[in-house]
Amino acid sequence: MQITKNIYATHIEEDPSSFGAMHPGGTHIYFVGDPQEEMVMVDSGEPYRSWTNQILGFYNELGRPKMSAILITHGHGDHIGGLDRLQEEFGCVVRCHPKLEPAMSHRLGQGTVEKLRSREMVTTGGGVRLRAYFTPGHEEDHICYHMAASKVLFTGDTILGNSSSSVRSLKDYMSSLRILAGLKPEMICPGHGQILNNGTARIETYIRHRTERE
Numbered sequence: 073m074q075i076t077k078n079i080y081a082t083h084i085e086e087d088p089s090s091f092g093a094m095h096p097g098g099t100h101i102y103f104v105g106d107p108q109e110e111m112v113m114v115d116s117g118e119p120y121r122s123w124t125n126q127i128l129g130f131y132n133e134l135g136r137p138k139m140s141a142i143l144i145t146h147g148h149g150d151h152i153g154g155l156d157r158l159q160e161e162f163g164c165v166v167r168c169h170p171k172l173e174p175a176m177s178h179r180l181g182q183g184t185v186e187k188l189r190s191r192e193m194v195t196t197g198g199g200v201r202l203r204a205y206f207t208p209g210h211e212e213d214h215i216c217y218h219m220a221a222s223k224v225l226f227t228g229d230t231i232l233g234n235s236s237s238s239v240r241s242l243k244d245y246m247s248s249l250r251i252l253a254g255l256k257p258e259m260i261c262p263g264h265g266q267i268l269n270n271g272t273a274r275i276e277t278y279i280r281h282r283t284e285r286e
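Count along the sequence shown starting at 1, add 72, and that's the number in this note's numbering.
Encoded structure:
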């Protein structure tokens, strides 16, 4: 499905009889850029062949665009599944947090993974620019990607569409939420759950919720 001019996604529903840990609202895998030029993909989902096949099927529907990178939000298994197969098919680099890079390089091979710098700008087709924000809290290697021109934020598991997120470090998480709120996104594209059109309000709700719990 096409979400905006430069954002496309395949939505993966999850069968309760087949999966142990369920994600309310399913999972989105995003392709960002211009299919006629080049694109990046955000995360790669669970390590199930059916998931990877669906992603590759969607890639074919897009016309098999040139892929400039696979951008990883964090190193949990439901966000890096099938990476070896997808990276080989796309022939592109995998970009991730510096703390995740050693494990990814060991898994995928030297030269296939590159560290992102804090607030590094990633460019791809259609003049799309995504800035990488280090957002620890859910996990120490978490990154969110911000398309300032379109006021869109890809949040991985920091902000979810249908539920609250689990947190490893509350202090880091609250700091990350405040950084994201300052970006004032209109749309949030989470790793799981519905895509949100009240982005800033959603982040502020998360902040209030966590503050009240403490």
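Backbone N, C-alpha and C fix where the C-beta goes; we use that ideal spot for every residue, glycine too.
Item	Value
With burial defined as no fewer than 16 other Cβ atoms inside 10 Å of the residue's Cβ, what is the status of Leu242: buried or exposed?	exposed
Taking the alpha-carbon of Glu160 as reference, which of His169, Ala175, Gly149, Ile142 has the nearest alpha-carbon?	Ile142
Can you tell me where the beta strand (DSSP E) holding Ala81 begins and where it ends?	79-84
Helix, strand or coil: which one does DSSP assign to Thr277?	helix
Looking only at DSSP bridge pairs, what is Val239 linked to?	Val239 pairs with nothing; no bridge assigned.
Note down the Cα distance separating Glu186 from Thr277, rounded to an integer number of angstroms.	34 Å
Closest to Asp106 by C-alpha separation, out of Arg136, Glu86, Gly98, Leu128, would be which residue?	Arg136
Would you identify the three-state DSSP class for Ile251, choosing helix, strand or coil?	helix
Does the Cβ-Cβ distance between Leu232 and Gly209 come in under 8 Å?	no
Just to check my reading of the structure: Ala253 and Ile279 have Cβ atoms closer than 8 Å, yes? What is that Cβ distance to the nearest angstrom?	7 Å
Considering only the beta carbon of each residue, do Asp213 and Leu188 sit closer than 8 Å?	no
I'd like to know whether the C-beta atoms of Val166 and Leu180 end up nearer to each other than 8 Å.	yes
What is the rounded straight-line gap between the Cα of Cys261 and the Cα of Gln182?	30 Å
Expressed to the nearest angstrom, what Euclidean distance is found between the alpha-carbon atoms of Pro174 and His148?	14 Å
Check for me: the beta strand (DSSP E) holding His100 runs from which residue to which?	99-105
So, under 8 Å CB-CB, Tyr102 and Ile79 are touching, yes? Tell me the CB distance rounded to an integer number of Å.	6 Å
Tell me the rounded alpha-carbon separation between Gln108 and Lys138.	8 Å
Taking the DSSP output, what are the residues bridged to Arg203?	Met193, His218
Tell me the residue span of the alpha helix (DSSP H) that contains Pro119.	Run containing Pro119: none; DSSP gives neither H nor E here.
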